[in-house]
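In order, the protein sequence lines correspond to chains A and B. Take the first sequence: its letters are residues 20 to 536, numbered as in our numbering. Take the second sequence: its letters are residues 389 to 490, numbered as in our numbering.
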Amino acid sequence: MSDLYRMSLAALVKGLKNKEYSVTEAVKSCLARIEATEPRLNACISVLGEQALARAAEMDAQGPPAANAAEAAPLWGVPMGLKDIISLKGCRNTCASRFMEDFVPFYDAEVTARLKKAGAVFLVKNNLDEFAMGSTTENSCFGRVGNPWDLGRVSGGSSGGSAASVVAGQVFASLGTDTGGSIRQPAAMTGCVGLKPTYGRVSRYGVVAFGSSFDQVGPLARNVEDCARVFEVIAGPDHKDAASARTDLYPDNLPEQDCLDKTLEGKGKEPGDVLKGVRIGVPEEFWGAGLDAEVEGCAMSPLKKLEEHGATLLPVSLPSQKYALAVYYIMSSAEASTNLARFDGVRYGRRARQPKDLLDLYYSSRSQGFGEEVQRRIMLGTFALSAGYYDAYYRKAAQIRRLLRNDFDRALDLASGGCHVLLAPASPKTAWTAGLYEADPLTTYKMDLLTITLNLVGLPGLCLPAGLGKETKMPVGLQIMGRPFDEAAMLRLGAVIERLTPDIGLPGALDGALDER
Amino acid sequence: MSVSKERVLYTSRLGRLNLTEGLDGAEADAKLEEFARRMDEIVGYMDILQEADTTGIEPMFSPMSLAAPPRPDEVLQEYGREEVMAGAPEQSDGFFVVPRVL
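Below is the structure:
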C-alpha cells in the first residue's frame, strides 16, 4: 500500500470508506513521498507528520462514517495541504515572510474549519511567494519551489508550493489563494487543476489579505473531479467575511452542492450530449500576439475537439483587456499597501531590536521583515494612492475596471446569444528557468496578463492541463472563464475537456527519488 | 511622468519603509537609484491608462455590486485576551509594549 499517494482523491475516499486501507496507511504513504521528494522540491514550509498520524489513528479507531453520515464527511481521511497564508490553528502561518516566520495563529480559517469538519487531515503547509506576491514562488524566505517536471524550472506562483505538492504526490489536494492568477498559473505550469472561484464565493476569514477586492481561496487537485470535491466543501456564505456573497442578496449565487453532480455528468455522459447547445467564446485579446507558439498550439487543440463534438466556438472581443495589466498592478498594489499597513511590529510578527523610537520601530521592523517584491508593491500602491496621483492612477484604473466588467457581461450575456464560457491559455509561456526574470519585475508582471483579468472583474476561472508544449515538454494550461457563481458549468466542461485530451501523465523529474529509497 | 529618487524617498516614508536598511553611503545611493529606475519603468508602463476614455464611467472598487447589509450587533467572545496577545513581540499585564512616545 506504499503507493497510495498516486491515487486520485476520489478513489482514495472510496477505498477509505470501504476499509480497503486505513487513514494511517494513506498518511504514511504521503509522508514517505514527502520525505523522498521534499529535499529537492521545497514545496512545504511545515510538515505536520506527528499531528497527522495522531489524527489518523483517532479516525481509524472510530472507523469511517456510516453511510448516512458520509455526506457530512466527504473528505474523510484525505491528506491535504494548505498554502502557508491560510490559518491552521496551532501551526505557524509564515506567509513565506521573515515578518511572520514565528507567527502561530490561535484560530482556524473558515476554509480550514470546513475541511476539518469534512474529514480532511492536514499534512503540510505549502510554500508560496511572500504574502502571495509573485508569479514564480521564488520570492519566498524559505527558498524557491522546484517544478516536479523539471526541478530547474519555476513552479509558477504564488501558490507554487501547493501546486508542486499536489503534482508530486505529497498530498491529494491543497488550497491556494488567487489574487491575480496565483492558483491558475501554477496549476498551468505544473499540470494540475486549479479553481479560482467567483469573488465572494469562498470565505477569506483567517486568510492573510493581499488585495481585498481580488483575493479568493480555491482548490488545487490532480483532476477536475477531485477539484470539485474540495470546492464543494469550502464554498458557501460566511458572515465572518464581509465580502462573502449571501445567497439571499445574490440570487445568481447558485448552491455549490451542484458542482460535483455537474462534474460527474461531464465525466460520464457522452461529450456530444453535454456539449449540445454550449457556446464557447474565444477572446481574441487572449490568443493574440505574445503567446509562445507551443502554448498557442497546445491550448488550441482541446477547442478543436470541443467543436468536433458539437460545441459552438464564437470569436469574442474584450477591448479593455489591453489595459488590464496596468489596472491590476495599480489597484492590487494599492490594496496591498493598505492591507500591509497592519504589520507594524507591535501586535504580532517581527519586531526590530532596540528601536530608537516608535517611528523607528515601524521603519526597521517593516524594512527588515519584508522582502524586496513586497516592498516594491507597497511602494507602487502608496505611490498610486498618494496626493496628486490618486485621480490619474487609482481612480482612473477603477473606471477602466468597470469597462472590463462590462466587456465580460456582454460576452457572457446568454439572453442575447452570448457565451456560456470563454476559453484561453493561462500563461503565455510554459514554466521558465529559475532566475530568468529575477532582476526584471515588469517582465515578470507581464507574464500575468492572461489571469489577472478575472480577478479584476470577479469572475471564476478553472485551469486544467491541455497537454505538453512541443518545445519545452512542460505542461500547458487551459483556462475556462465562467459566468458569476457558475462554477458548476465550468467544472462540467472541464471534465469533458479532460476526457477529450490525452493524459499528460506523471512528472518524471522526481521518480528517481523514490527508487533510490 | 518620471519617478525621481526624491519621489521614491518621499513615498517610502509614507509607506513606513526604509529602502536602504542596513546600507550606507554609495551603496544606499545606488540602491535608491536602481529602485527609482525600476519604478519609473513600471509607472511608465501604467501610463497606458491615460489612453482610455472613461468619461462618465463610475469607478469599480469591488466586484460586489451590493454593500454588505448591517447585521444584528451581538457580542461574541470566541477568543480570550491571552490568546489574542500571545503573538505580541513584547507585552506587559495584558498591554502591548512600545518604545516611549513622549
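Built from N, CA and C at the ideal position, the CB exists for glycine as well. The model shown is predicted, which means the values in this text are computed figures rather than measured ones.
Specify, as a first and last residue, the run of the beta strand (DSSP E) that Thr462 of chain A falls within.
In the first sequence, residue 462 of chain A corresponds to position 443, counting from 1. Where Thr462 of chain A is concerned, there is no enclosing beta strand (DSSP E), although the alpha helix (DSSP H) around it starts and stops at Pro460 to Lys465.
Measure from the C-beta of Asp534 of chain A to each C-beta in chain B and report whether the shortest distance is under 9 Å.
Reading the first sequence from its first residue, position 515 is the one you call residue 534 of chain A. With a pLDDT of 38 at Asp534 of chain A, under the threshold of 50, the predicted position of this residue should be treated as unreliable, though the coordinate-derived value follows. With 9 Å as the cut-off, Asp534 of chain A does not count as an interface residue toward chain B.
Hey, would you say Val143 of chain A sits closer than 9 Å to Glu157 of chain A, going by beta carbons?
On the first sequence, position 124 is the one that residue 143 of chain A refers to. On the first sequence, position 138 is the one that residue 157 of chain A refers to. No, these two residues do not count as a Cβ contact at 9 Å.
Between the Cα of Asn145 of chain A and those of A:Lys136, A:Val130, A:Thr155 and A:Ala183, spot the shortest distance and give me the residue it belongs to.
The residue given as residue 145 of chain A occupies position 126 in the first sequence. Among A:Lys136, A:Val130, A:Thr155 and A:Ala183, the Cα nearest to that of Asn145 of chain A is on A:Ala183.
How would you list, in chain order, the residues of chain E whose beta-carbon sits under 8 Å from the beta-carbon of Pro256 of chain A?
Protein chains A and B are contained in the structure displayed, whereas chain E is not.
Going by DSSP in three states, Glu535 of chain A sits in which element: helix, strand or coil?
Here residue 535 of chain A refers to the residue found at position 516 of the first sequence. The predicted position of Glu535 of chain A is uncertain, since its pLDDT is 37 and thus under 50; no value can be drawn from it.
Can you list, in chain order, the residues of its chain whose CB lies under 6 Å from that of Lys36 of chain A, leaving out five sequence neighbours each side?
By one-based count along the first sequence, residue 36 of chain A stands at place 17. Closer than 6 Å at Cβ, skipping near neighbours: Pro83.
Flag this pair as yes or no: are the beta carbons of Thr217 of chain A and Ala453 of chain A separated by less than 9 Å?
Translated into the one-based positions of the first sequence, residue 217 of chain A becomes position 198. Translated into the one-based positions of the first sequence, residue 453 of chain A becomes position 434. It is not a contact, given that the beta carbons lie outside the stated cut-off.
Flag this pair as touching only if the segment 220-237 of chain A and the segment 487-496 of chain A have three or more C-beta atom pairs under 8 Å; answer yes or no.
no
Any idea what DSSP makes of Thr401 of chain A, helix, strand or coil?
Taking the first residue of the first sequence as 1, we reach residue 401 of chain A at position 382. Note: Thr401 of chain A maps to helix in three-state DSSP.
Gln465 of chain B CB to nearest chain A CB: under 9 Å?
Working through the second sequence from its first residue, we reach residue 465 of chain B at position 77. No, Gln465 of chain B lies away from the interface with chain A (no Cβ there is under 9 Å from its Cβ).
Under DSSP, the beta strand (DSSP E) around Val301 of chain A begins and ends at which residues?
Numbered from 1 along the first sequence, position 282 holds the residue referred to as residue 301 of chain A. Unbroken beta strand (DSSP E) run through Val301 of chain A: Arg298 to Pro302.
Terminal residues of the continuous alpha helix (DSSP H) containing Cys211 of chain A?
If you number the first sequence from 1, residue 211 of chain A lands on position 192. That residue, Cys211 of chain A, is in no alpha helix (DSSP H); it is neither H nor E in DSSP.
By Cβ distance below 8 Å, which residues in the same chain neighbour Arg52 of chain A in space, the five residues on each side in sequence not counted?
Mapped onto the first sequence, residue 52 of chain A falls at position 33. If we look at Arg52 of chain A and ignore the five residues flanking it on each side, its Cβ neighbours are Tyr24, Ala187, Gly188, Gln189 and Leu533.
Residues of chain B with CB closer than 7 Å to the CB of Ser232 of chain A, please, in chain order.
The count along the first sequence starts at 1 and reaches residue 232 of chain A at position 213. Correct list: Phe449, Ser450 and Pro451.
Can you name the start and end residues of the alpha helix (DSSP H) that Leu422 of chain A belongs to?
Here residue 422 of chain A is taken as the residue at index 403 of the first sequence, counted from 1. First-last of the alpha helix (DSSP H) with Leu422 of chain A: Lys415 to Ala430.
Glu535 of chain A to Gly527 of chain A, Cα distance in whole Å?
Position 516 of the first sequence, counting from 1, holds the residue named residue 535 of chain A. Position 508 of the first sequence, counting from 1, holds the residue named residue 527 of chain A. Only weak support exists for where Glu535 of chain A lies, its pLDDT of 37 falling under 50; the value from the coordinates is given anyway. Roughly 14 Å between the two C-alpha positions.
Would Val396 of chain B and Ala414 of chain B be called neighbours here (beta carbons separated by less than 9 Å)?
Your numbering for residue 396 of chain B matches position 8 in the second sequence. Your numbering for residue 414 of chain B matches position 26 in the second sequence. Against a cut-off of 9 Å, the Cβ pair of Ala414 of chain B and Val396 of chain B comes out as no contact.
Please list, in chain order, the chain B residues whose beta carbon lies closer than 7 Å to that of Asp376 of chain A.
Along the first sequence, read from residue 1 onward, the residue named residue 376 of chain A stands at position 357. Here the neighbours are Pro487.
Just by C-beta distance, which residues in the segment 399-419 of chain B are closer than 9 Å to chain A?
For the segment 399-419 of chain B, the set of positions with a beta-carbon nearer than 9 Å to some beta-carbon of chain A reads Thr399, Ser400, Arg401, Leu402, Gly403, Arg404, Leu405, Asn406, Leu407, Thr408, Glu409 and Gly410 in chain order.
Excluding the five sequence neighbours on either side, which residues of its own chain have a C-beta within less than 7 Å of the C-beta of Leu170 of chain A, listed in chain order?
Position 151 of the first sequence, counted from the start, is the residue given in the question as residue 170 of chain A. Contacts found: Arg59 and Ala528.
First and last residue of the alpha helix (DSSP H) that includes Met152 of chain A?
Working through the first sequence from its first residue, we reach residue 152 of chain A at position 133. That residue, Met152 of chain A, is in no alpha helix (DSSP H); it is neither H nor E in DSSP.
Hey, is Lys135 of chain A close to the ligand MN, as in C-beta under 8 Å from one of its heavy atoms?
Only the bare structure without any ligand can be found here, which leaves the ligand MN out of the picture.
Find the nearest neighbour of Tyr40 of chain A within the set A:Asp79, A:Ala55 and A:Asn61, judged by alpha-carbon distance.
The residue labelled residue 40 of chain A in the question sits at position 21 within the first sequence. Closest by alpha carbon: A:Asp79.
Take Ala247 of chain A as the anchor and find which of A:Pro503, A:Ala29, A:Ala62 and A:Phe161 has the nearest alpha-carbon.
Translated into the one-based positions of the first sequence, residue 247 of chain A becomes position 228. The option with the nearest alpha carbon to Ala247 of chain A is A:Ala29.
Would you say Arg469 of chain B faces chain A, with C-beta separation under 9 Å as the test?
For the purposes of this step, residue 469 of chain B is taken as the residue at position 81 of the second sequence. It does not; no Cβ of chain A falls within 9 Å.
Are the CB atoms of Ala139 of chain A and Val46 of chain A within a distance shorter than 9 Å?
Walking along the first sequence from the start, residue 46 of chain A turns up at place 27. Walking along the first sequence from the start, residue 139 of chain A turns up at place 120. No, these two residues do not count as a Cβ contact at 9 Å.
Looking only at its chain, what residues have a beta carbon closer than 6 Å to the beta carbon of Tyr381 of chain A, apart from the 5 residues adjacent to it on each side?
Position 362 of the first sequence, counted from the start, is the residue given in the question as residue 381 of chain A. Answer for Tyr381 of chain A: Asp363, listed in chain order.
Answer with buried or exposed for Gly287 of chain A, where buried requires no fewer than 16 other C-beta atoms within 10 angstroms of its C-beta.
The residue given as residue 287 of chain A occupies position 268 in the first sequence. Looking at its Cβ environment, which holds fewer than 16 other Cβ atoms inside 10 Å, Gly287 of chain A is exposed.
For Ser27 of chain A, which beta-bridge partners are listed by DSSP?
Numbered from 1 along the first sequence, position 8 holds the residue referred to as residue 27 of chain A. Per DSSP, none; premise fails for Ser27 of chain A.
Consider the Cβ of Gly482 of chain B: report whether some Cβ of chain A lies at a distance smaller than 9 Å.
As a first step, residue 482 of chain B is located in the second sequence; it is residue number 94 there, counting from the start. By this cut-off, Gly482 of chain B is not an interface position.
Using alpha carbons as the reference points, say which of B:Lys419, B:Val486 and B:Met448 lies closest to Ala416 of chain A.
Your numbering for residue 416 of chain A matches position 397 in the first sequence. Ranking the options by Cα distance to Ala416 of chain A, first place goes to B:Met448.
Who are the near neighbours of Val42 of chain A in its chain, counting only those whose CB is closer than 6 Å to its CB and skipping five residues on each side?
By 1-based counting over the first sequence, the position of residue 42 of chain A is 23. Around Val42 of chain A: Ala75, Met78, Asp79 and Gly96.
Confirm, please, whether the CB-CB distance from Pro458 of chain B to Leu478 of chain A is below 9 Å.
Numbered from 1 along the first sequence, position 459 holds the residue referred to as residue 478 of chain A. Numbered from 1 along the second sequence, position 70 holds the residue referred to as residue 458 of chain B. No, they are not a contact pair.
So that I know if they touch, is there some Cβ in chain B lying closer than 9 Å to that of Met398 of chain A?
Within the first sequence, the letter at position 379 stands for residue 398 of chain A. Output row for Met398 of chain A: interface = yes.
For Gln235 of chain A, list the residues DSSP reports as bridge partners.
Taking the first residue of the first sequence as 1, we reach residue 235 of chain A at position 216. BP columns for Gln235 of chain A point to A:Asp197.
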